[in-house]
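For reference, the structure is listed below as C-alpha cells.
Residue numbers (my numbering), protein chains in the order written: chain A, 285 to 608; chain B, 285 to 608.
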C-alpha cells in the first residue's frame, strides 16, 4: 500500500466515539458499498456513526442494508464529530457539499484506491493496487477482528463488483477474485447484487437507449464513436438524467473503437461530454485540454458551445490522442 | 461430482494415441474454451488430436490459441479415433452433425456440467456443480500433472467467464472465483478476453439493436417483455443472424420483468422464439408446451405462425408460468 497509516486507523476506529462517513458526489456502487460496510462495522463496535453524501443513494443500491440511513447534506446539522472518514475520494472536493461537514471533525481519515489521491487526511490508507475502496474497508474490518456477516459481505461485494465492471477490468487481480470468494462464503449473493445493478432498468431508459443509438456516429478511421442525447430525447421518452449514464459504453463496445464519447447538450447552451477509452488512449489528457478532467479511461468536460461545435472541438482534440 | 469416472478418464487420456474432441452446435465460450484447452493438453501429452464442430468458431473466440485449427464437420474425413471426447453436450444430438464422427471412436468420453446430462459416454465426468465444462477440463489437466500455461489459462478462463455471465449467475461459486484467481496467476487476461466477447460489436449490430429496441413491448402487469427482429431489420442494418443473439437480454434487464422473449419471424412463415427468465419462472416449461425445449432460464421454440400469432400464443403460455 502506497500511503498507509493502517495500524493507526485501526486504533482510531477502536478509540473514537462518533464517526461521520462521507460518500462522493453521484455515488457509485463502491462509494455506497464501502460506506455501508464501514457504517455496519462502526455500529458493530458500538460507535455513534452516520453516513452523508451530496447526493441520494441511487436506485440500484437502495436495497443494500442501511442504505435508507444515508443522509444528504441538507439533512445533517453542523456538529462536531470525533472522526470523519472520507471514502473513495481522490480529493476532498469529490465529496461535494458534504466536505464542509467533515472538516469540522477532530480527525480526518482518507481511505481510497485512486492513484491520484493527494493524501489529504490526518490518517491515510491509499492503495492504488486495490480494485475498490471496498477492498480496503474489508482489510480494516478484518484488522478489527469483526466477523463479516451477510449484510457486510453484500456491501463489500457490491463495491468490488461494480468497480471492476463485474471482474472484467484491469484492476481485478487474483487477490480480488479470492476476496470475492471469501465474501460469497460470508453470505454475499452476486446474482442478486448484479441483478439490482444491471437488470433493474426502467422502460423509459430502454426507450431512451433506442433513441440514443440512432444518433451513433463513427469517425472515418473507425477509432472514435459517439452518441448524442438531448433534452428532447429525455422529455419524449420520460427518462431521467441518471439513466443517460453508461450509454457511452455502447459506442465503446464497437470493434476497433479506441475512444468513445457521449454528448449531452444542456438547456444553458453548453454541452457536457463524457469520454471512455478502451485502454490505449488516455482520455484524461483530452478532457484536460478542453478544461475538464478525469482518469485515463474515463473523463469528462463541459464546453461552451452547442452540440455541433462541441463535436468538432472534441474530435479535433481526441484525434491527436488516438493517433499518438 | 455426480457421475465421475475421473480416474479412468485420466488413464484414458494418458494411454490413448489419437483423440477427436467435439464442440456443440453454435458453440459458445465454454464449448470453445474447454475444447481448445483440451486440445492444448493433448498436444502437450504428445497425442494426435483434432477438434471438430458442426459450426465455425464464432468471431469473439477466434483469437484464442489453436482456434484456427478447429474443423467443421465437412472438412473431416471419416476415420477411426482411439477416443472421442464430447464436451459441454447434455446429449449427443447437441453436437449436431459432428456426432457421427465421434460414434466411430473406440471409446467415448463425456465431460459436461449440465444437470440434464444423460451419461451417454463409455466414461463420464458430469458435475452440475461446476460453473462450466472448462472447470472440469481444468481439473483433468491438473490430474494429468500438466502445467497450465498462458494459452491454456486464457481458454479455461474464457469458458468460466462466459458461462457465468462474467461471474454474475448463480452457477458462480466461491470455488469458481478461486479457479479464476489461479488462472489469472497462470497468465489469463480477463480484460482482453472480456473485451473480445463484449467490446467487439459491429456497427451494424448496434444499428440493429437500436431498431430492435423500438419494438419493445411490455405486458400490462410488467412481468413479460419482448422484442421482435424481422428480416427487414436485418437487411436494412446489414447485421447478420448471429448478432441477434443476446438481444433478449434487453427486455430481461427491465425491472419487474420475469420472462423476456425475442420473436424472430423467418422467411418460411414460421417464428423462432427465444425465452429468458430471471429465475423465478421456468421458461423450459413454456417452451416445451409449445414444442420446444431448453433450460429453466433459457429456452426456445419455433412456431408455425407469423409474428402476431406467435406473440398471442406465447403470451398465453408464458402468462401461466409467470403467475404460478
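Beta carbons are placed, not taken as given, at the ideal position from N, Cα and C, and that holds for glycine. Just so you know, these numbers come straight off a predicted model, no measurement behind them.
What's the call for residue 272 of chain B, buried or exposed, on a 16-neighbour Cβ count within 10 Å? The structure shown has nothing for residue 272 of chain B, since chain B only spans 285 to 608.
Outcome for residue 574 of chain B when other beta-carbon atoms lying within 10 angstroms are tallied against a minimum of 16: For the purposes of this step, residue 574 of chain B is taken as residue 290 along the second chain, with counting starting at 1. Residue 574 of chain B is buried by the Cβ-count criterion.
With residue 440 of chain B as the anchor, note down where its alpha helix (DSSP H) starts and where it stops. For the purposes of this step, residue 440 of chain B is identified with residue 156 of the second chain, where counting begins at 1. 434 to 447 is the span of the alpha helix (DSSP H), which, as asked, contains residue 440 of chain B.
Nearest to residue 353 of chain A by alpha carbon, out of A:399, A:327, A:289, A:300? Start at 1 with the first residue of the first chain, and residue 353 of chain A comes out as number 69. Closest by alpha carbon: A:327.
Using a Cβ-Cβ distance cut-off of 8 Å, determine whether residue 462 of chain B contacts chain A. For the purposes of this step, residue 462 of chain B is taken as the residue at position 178 of the second chain. Taking Cβ atoms only, chain A reaches closer than 8 Å to residue 462 of chain B, which makes this a yes.
Counting Cβ pairs, one atom from each stretch, are 3 or more of them under 8 Å apart for the segment 289 to 300 of chain B and the segment 575 to 593 of chain A? Because the criterion of three Cβ pairs below 8 Å is not met, the segment 289 to 300 of chain B and the segment 575 to 593 of chain A do not touch.
Label residue 286 of chain B either buried or exposed according to how many other C-beta atoms from any shown protein chain fall within 10 Å of its C-beta, with 16 as the threshold for buried. Sequence index remark: in the second chain, residue 286 of chain B carries index 2 (1-based). Confidence at residue 286 of chain B is low in this model, with a pLDDT of 47, below 50, so the placement of that residue is unreliable and no value is reported for it.
Since residue 367 of chain A sits in a beta bridge, which residues does DSSP pair it with? Here residue 367 of chain A refers to the residue found at position 83 of the first chain. BP columns for residue 367 of chain A point to A:303, A:391.
Compare the C-beta of residue 498 of chain B against all C-beta atoms of chain A and say whether one is closer than 8 Å. Start at 1 with the first residue of the second chain, and residue 498 of chain B comes out as number 214. Yes, residue 498 of chain B lies at the interface with chain A (some Cβ there is under 8 Å from its Cβ).
Listing by chain order, which chain B residues have their CB less than 8 Å from the CB of residue 383 of chain A? As a working mapping, residue 383 of chain A is identified with position 99 in the first chain. Residues of chain B passing the Cβ test: none, with the nearest at roughly 33 Å.
Based on Cα-Cα distance, which residue from A:507, A:372, A:482, A:554 lies nearest to residue 515 of chain A? Within the first chain, the letter at position 231 stands for residue 515 of chain A. The shortest Cα separation from residue 515 of chain A among A:507, A:372, A:482, A:554 belongs to A:554.
Are the beta-carbon atoms belonging to residue 631 of chain A and residue 288 of chain A less than 8 Å from one another? In the structure displayed, chain A extends from 285 to 608; residue 631 of chain A sits before or after that span and is not available.
Taking the C-alpha atoms as reference points, what is the distance between residue 512 of chain A and residue 557 of chain A? Locating residue 512 of chain A in the first chain gives position 228, where the first residue counts as 1. Locating residue 557 of chain A in the first chain gives position 273, where the first residue counts as 1. One C-alpha to the other measures close to 9 Å.
Secondary structure of residue 555 of chain B, DSSP reduced to three states: Walking along the second chain from the start, residue 555 of chain B turns up at place 271. Residue 555 of chain B falls in the strand class under three-state DSSP.
Look up residue 461 of chain A in the DSSP assignment and say whether it is helix, strand or coil. Translated into positions along the first chain, residue 461 of chain A becomes position 177. It is helical.
Would residue 418 of chain B count as contacting chain A if we go by Cβ distances under 8 Å? For this step, residue 418 of chain B is matched to residue 134 along the second chain. It does not: the Cβ of residue 418 of chain B has no partner Cβ on chain A nearer than 8 Å.
Three-state secondary structure (DSSP) of residue 467 of chain A: If you number the first chain from 1, residue 467 of chain A lands on position 183. Correct three-state label for residue 467 of chain A: helix.
Which one or two residues does DSSP pair with residue 549 of chain B in a beta bridge? For the purposes of this step, residue 549 of chain B is identified with residue 265 of the second chain, where counting begins at 1. Answer is B:555.
Could you tell me the boundaries of the beta strand (DSSP E) in which residue 509 of chain A lies? As a working note, residue 509 of chain A is residue 225 in the first chain. 508 to 512 is the span of the beta strand (DSSP E), which, as asked, contains residue 509 of chain A.
Taking DSSP's pairing of strands, which residues face residue 373 of chain B in a bridge? Indexing the second chain from 1 puts residue 373 of chain B at position 89. Answer by DSSP bridge pairing: none, since residue 373 of chain B is not bridged.
Opposite residue 334 of chain A in the DSSP bridges: which residues? For the purposes of this step, residue 334 of chain A is taken as the residue at position 50 of the first chain. DSSP lists A:304 as partners of residue 334 of chain A.
Can you say whether residue 598 of chain A is buried or exposed, counting buried as having 16 or more other CB atoms within 10 angstroms of its CB? Position 314 of the first chain, counting from 1, holds the residue named residue 598 of chain A. Buried is the call here.
Among B:540, B:576, B:548, which residue has its Cα nearest to the Cα of residue 563 of chain B? The count along the second chain starts at 1 and reaches residue 563 of chain B at position 279. Checked all of B:540, B:576, B:548; the closest Cα to residue 563 of chain B is B:540.
Mark residue 431 of chain A as exposed unless 16 or more other C-beta atoms lie within 10 angstroms of its C-beta, in which case mark it buried. Translated into positions along the first chain, residue 431 of chain A becomes position 147. Its Cβ having fewer than 16 others within 10 Å, residue 431 of chain A is exposed.
If residue 414 of chain A sits next to residue 450 of chain A, beta carbons under 8 Å apart, how far is it from one beta carbon to the other, in whole angstroms? As a first step, residue 414 of chain A is located in the first chain; it is residue number 130 there, counting from the start. As a first step, residue 450 of chain A is located in the first chain; it is residue number 166 there, counting from the start. Going by Cβ atoms, the distance from residue 414 of chain A to residue 450 of chain A rounds to 17 Å, so no, they are not a contact pair.
Beta carbon of residue 401 of chain B, beta carbon of residue 374 of chain B: below 8 Å? Working through the second chain from its first residue, we reach residue 401 of chain B at position 117. Working through the second chain from its first residue, we reach residue 374 of chain B at position 90. The answer is yes: Cβ separation under 8 Å.
What is the rounded straight-line gap between the Cα of residue 532 of chain A and the Cα of residue 438 of chain A? As a first step, residue 532 of chain A is located in the first chain; it is residue number 248 there, counting from the start. As a first step, residue 438 of chain A is located in the first chain; it is residue number 154 there, counting from the start. Between residue 532 of chain A and residue 438 of chain A, the C-alpha separation is close to 28 Å.
Rounded C-alpha distance that separates residue 301 of chain B from residue 389 of chain B: The residue given as residue 301 of chain B occupies position 17 in the second chain. The residue given as residue 389 of chain B occupies position 105 in the second chain. Taking the straight line joining both Cα atoms gives about 12 Å.
Starting from residue 408 of chain B, trace the beta strand (DSSP E) both ways and give me its first and last residue. The residue labelled residue 408 of chain B in the question sits at position 124 within the second chain. Counting along the chain, the beta strand (DSSP E) containing residue 408 of chain B begins and ends at 407 to 410.
Considering only the alpha carbon of each residue, which of B:425, B:357, B:344 lies closest to residue 529 of chain B? Within the second chain, residue 529 of chain B is the residue found at index 245, counting from 1. Proximity to residue 529 of chain B across B:425, B:357, B:344 peaks at B:344, based on C-alpha coordinates.
Kindly list, in the order they appear in chain B, the residues whose Cβ is closer than 7 Å to that of residue 606 of chain A. The residue labelled residue 606 of chain A in the question sits at position 322 within the first chain. None at all; the shortest Cβ gap to chain B is about 16 Å.
Going by other Cβ atoms of all chains shown within 10 Å of its Cβ, with 16 needed for buried, is residue 605 of chain A buried or exposed? In the first chain, counting from the first residue as 1, residue 605 of chain A sits at position 321. Per the 10 Å Cβ criterion, buried.
When the distance is taken between beta carbons, is residue 321 of chain A closer than 8 Å to residue 481 of chain A? Numbered from 1 along the first chain, position 197 holds the residue referred to as residue 481 of chain A. Numbered from 1 along the first chain, position 37 holds the residue referred to as residue 321 of chain A. Result no, Cβ atoms of residue 481 of chain A and residue 321 of chain A do not sit closer than 8 Å.
Do we get a CB-CB distance below 8 Å when we pair residue 582 of chain B with the residues of chain A? Counting from one through the second chain, the residue named residue 582 of chain B turns up at place 298. No, residue 582 of chain B lies away from the interface with chain A (no Cβ there is under 8 Å from its Cβ).
Helix or strand or just coil, what does DSSP make of residue 286 of chain A? Looking up residue 286 of chain A in the first chain gives position 2. Low confidence applies to residue 286 of chain A: its pLDDT is 47, below 50, so where it sits in the model is not reliable, and the reading given next is rough at best. The answer is coil: DSSP assigns residue 286 of chain A none of H, G, I, E or B.
Tell me residue 582 of chain B's beta-bridge partners as DSSP assigns them. Numbered from 1 along the second chain, position 298 holds the residue referred to as residue 582 of chain B. Partner(s): B:560.
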